[in-house]
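Student:
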Amino acid sequence: MRPRVYITRRIPEKGLNKIREFYDVEIWSEYFPPPKDIILQKVENVDALVTLLTDPIDADVLNRGKKLRIISQYAVGFDNIDIETATRLGIYVTNTPGVLANAVADLTWALILSITRRIVEADKFVRTGSWEASKTGWHPTMMLGMELRGKTLGIIGLGKIGSEVAKKAKCFGMSVIYYSRRRRKELEEEYGLRYVGLETLLRESDVVSIHVPLTKETESMIGEKELKLMKRTAYLINTSRGRVIDEKALVKALREKWIAGAALDVFWNEPLPKNHPLTKLDNVVLTPHIGSATNETREKMAEMVAENLIAFYKGEIPPNLVNKEVIKIREPGF
Ligand code: NAP
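Position one of the sequence shown corresponds to residue 19 (my numbering), numbered consecutively onward.
1. Exposed or buried, what is I347 when buried is set at 16 or more other beta-carbons lying within 10 Å of its beta-carbon?
2. I'd like to confirm the pairing. Which residues does DSSP put opposite R22 in its beta bridges?
3. Check for me: the beta strand (DSSP E) holding N256 runs from which residue to which?
4. Using the rule of at least 16 other Cβ atoms within 10 Å of the residue's Cβ for burial, across every protein chain shown, is V144 buried or exposed?
5. Look at the alpha carbon of K54 and the alpha carbon of A252, and state the distance between them as a whole number of angstroms.
6. Would DSSP call R202 helix, strand or coil?
7. Counting beta carbon pairs with one atom in the segment 159-167 and one in the segment 212-223, are three or more of them shorter than 8 Å?
8. Tell me whether the segment 101-121 and the segment 236-246 touch, counting them as touching only if at least three CB pairs, one residue from each stretch, are closer than 8 Å.
9. From the DSSP output, read off the bridge partner residues of T170.
10. Quick one: complete beta strand (DSSP E) runs, 3+ long, within the segment 60-109?
11. Going by the CB atoms, is the gap between G175 and S258 shorter than 8 Å?
12. Can you tell me whether A320 is helix, strand or coil according to DSSP?
13. So, with DSSP's three-state summary, where would you put Y4?
14. Less than 7 Å between the CB of E235 and some heavy atom of the ligand NAP, yes or no?
15. Is the CB-CB distance between T69 and I88 below 8 Å?
16. Using 10 angstroms around the beta-carbon of Y197, count the other beta-carbons present and answer buried if the total reaches 16, otherwise exposed.
17. Please report the straight-line C-alpha distance between V94 and G351, rounded to a whole angstrom.
18. As a quick exercise: from H229, V64, T170 and E150, pick the residue whose alpha carbon is nearest that of K249.
19. Evaluate the contact criterion for the segment 113-125 versus the segment 133-142: three or more CB pairs, one atom per stretch, below 8 Å.
20. So what does DSSP say about G260, is it helix, strand or coil?
21. Below 8 Å between beta carbons: does that hold for D76 and D97?
22. Are the segment 313-320 and the segment 78-88 touching by the rule of at least three beta carbon pairs closer than 8 Å?
23. What residue does the alpha helix (DSSP H) around A128 start on, and which one ends it?
24. Express the C-alpha separation of K32 and S227 in angstroms, rounding to a whole number.
25. Hey, would you say the C-beta of V117 is under 7 Å away from at least one heavy atom of the ligand NAP?
26. Measuring alpha carbon to alpha carbon, tell me which residue in L272, E217, P306 and K270 is nearest N287.
27. Could you give the first and the last residue of the continuous beta strand (DSSP E) run that contains A280?
28. Along the chain, where does the alpha helix (DSSP H) containing W145 start, and where does it finish?
29. Nearest to V12 by alpha carbon, out of T126, G155, I308 and A119?
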């Protein structure tokens, strides 16, 4: 009998077709995520799951999946999955690292430019007629922003995405400092980076960009104390996970101008409610978690999801195994 996989959203066909060669596939076809009771119901009868970061794969779901052997996550982040329980139950968890680093780094730079050059504010200025009302086509002080050349970029978390962001900084003439769990001397040399402590990074940077995963250690790592260390002229960019920043403290910092602005792709609760305090502020740019949202990247992610499932089917260790300790508990394969 072929193994069965439940896929919680329609991912690009290229990946689906590869999966169909080895698995019987069922897909949740709505735009919104399957409610938890549907996941609980489906997991009872499948050998594999393909999940998204919007699916809460907690102990309830994992314990219900008596036949469940592998979860192939369509994302690099996996903070929606209870990894400890999965490992204990001998369930393999895989992700899609690397293939999305360039797209997320591009979006990070788009956000840096948008907030420092006030692109969203300027677009609104034109569309709402404020430009026309100003009675001038050009003014020496109209929409002034911050120039990037000669400024300091501070990267928190120098992994795959953080290092892509660092690489692209050269084009803008910025010097780059970073703080990460471990020093990356080879990258320091290659991209001309300087390793500093978190406090120094916050004090010295003109732009701070966050690229750590969401873990117990990184949750709310940027709070009131850290925001107060930043320059009043500095900008904060977050394309990692919303919960890495204490959002209430950030709103206060933006309202009271402790920092110049922020550009955010990720939030505590997604989708961000229309009336959230962040939506009322002018010194912030907001995007709806679109870091990896390019056709090219989403296709590569789908292929990687398939490759992980297929390797497991063949009894091989999947190339992007997250919980490596699981190998000691159960061999790969059905
Ligand atoms: P990665 O290669 O694992 O890089 C994460 C980096 O953060 C690593 O260098 C890691 O250190 C470091 N780190 C981990 N915990 C830390 C801590 N407590 N303090 C300081 N540094 C710490 O992951 P990635 O591919 O760059 O992705 C990073 C995150 O971006 C993902 O986890 C995900 O949440 C987010 N993301 C968002 C989008 C989006 O659409 N906005 C898209 C993709 C990813 P080590 O080198 O020691 O592991």
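The C-beta atom is built at its ideal place from N, Cα and C for all residues, glycine as well.
Predicted model only: the values in this text are computed from it and were never measured.
Tutor: On the basis of the coordinates in this document:
1. Reading the sequence shown from its first residue, position 329 is the one you call residue 347. Label assigned to I347: exposed.
2. Locating residue 22 in the sequence shown gives position 4, where the first residue counts as 1. Answer is D42.
3. Within the sequence shown, the letter at position 238 stands for residue 256. Note, N256: beta strand (DSSP E), Y253 to N256.
4. The count along the sequence shown starts at 1 and reaches residue 144 at position 126. Looking at its Cβ environment, which holds fewer than 16 other Cβ atoms inside 10 Å, V144 is exposed.
5. To locate residue 54, count along the sequence shown from 1; it is residue 36. To locate residue 252, count along the sequence shown from 1; it is residue 234. Their Cα atoms are separated by approximately 41 Å.
6. Within the sequence shown, the letter at position 184 stands for residue 202. Correct three-state label for R202: coil.
7. Segments in contact, no.
8. The segment 101-121 is not in contact with the segment 236-246.
9. Walking along the sequence shown from the start, residue 170 turns up at place 152. For T170, which the question treats as bridged, DSSP gives the partners S193.
10. Fully enclosed beta strand (DSSP E) runs of 3 or longer: 66-69 and 88-91.
11. In the sequence shown, counting from the first residue as 1, residue 258 sits at position 240. In the sequence shown, counting from the first residue as 1, residue 175 sits at position 157. Inclusion of S258 and G175 in the CB contact set at 8 Å is warranted, their separation being smaller than that value.
12. To locate residue 320, count along the sequence shown from 1; it is residue 302. Helix, per DSSP.
13. Any question about residue 4 goes unanswered here, given that the chain covers just 19 to 352.
14. For the purposes of this step, residue 235 is taken as residue 217 along the sequence shown, with counting starting at 1. Checking every heavy atom of the ligand NAP against the Cβ of E235, one is found closer than 7 Å.
15. In the sequence shown, residue 69 corresponds to position 51, counting from 1. In the sequence shown, residue 88 corresponds to position 70, counting from 1. Not closer than 8 Å, so no.
16. For this step, residue 197 is matched to residue 179 along the sequence shown. In summary, Y197 is buried, with 16 or more beta-carbon neighbours lying within 10 Å of its beta-carbon over all protein chains present.
17. Locating residue 94 in the sequence shown gives position 76, counting from the first residue. Locating residue 351 in the sequence shown gives position 333, counting from the first residue. Going by C-alpha positions, V94 is about 23 Å away from G351.
18. Within the sequence shown, residue 249 is the residue found at index 231, counting from 1. Nearest of H229, V64, T170 and E150 to K249, Cα basis: T170.
19. No: the two stretches stay apart, fewer than three of their Cβ pairs being nearer than 8 Å.
20. To locate residue 260, count along the sequence shown from 1; it is residue 242. Three-state DSSP puts G260 in a helix.
21. The residue given as residue 76 occupies position 58 in the sequence shown. The residue given as residue 97 occupies position 79 in the sequence shown. No, these two residues do not count as a Cβ contact at 8 Å.
22. No: the two stretches stay apart, fewer than three of their Cβ pairs being nearer than 8 Å.
23. Stepping through the sequence shown from its first residue, residue 128 is reached at position 110. Run containing A128: A119 to T134, per the alpha helix (DSSP H) assignment.
24. By one-based count along the sequence shown, residue 227 stands at place 209. By one-based count along the sequence shown, residue 32 stands at place 14. So the two alpha carbons sit approximately 33 Å from each other.
25. As a working note, residue 117 is residue 99 in the sequence shown. Every heavy atom of the ligand NAP is 7 Å or more from the Cβ of V117, so no.
26. The residue you call residue 287 lines up with position 269 of the sequence shown. Per the Cα distances, P306.
27. In the sequence shown, residue 280 corresponds to position 262, counting from 1. Start and end: G279 to L282.
28. Residue numbering aside, residue 145 sits at position 127 when the sequence shown is read from its first letter. The amino acid at residue 145 is misidentified as Trp; the sequence shows Arg. Following the DSSP letters along the chain, one finds R145 inside the alpha helix (DSSP H) bounded by residues I137 to R145.
29. Here the chain comprises residues numbered 19 to 352, so residue 12 is not present and cannot be evaluated.
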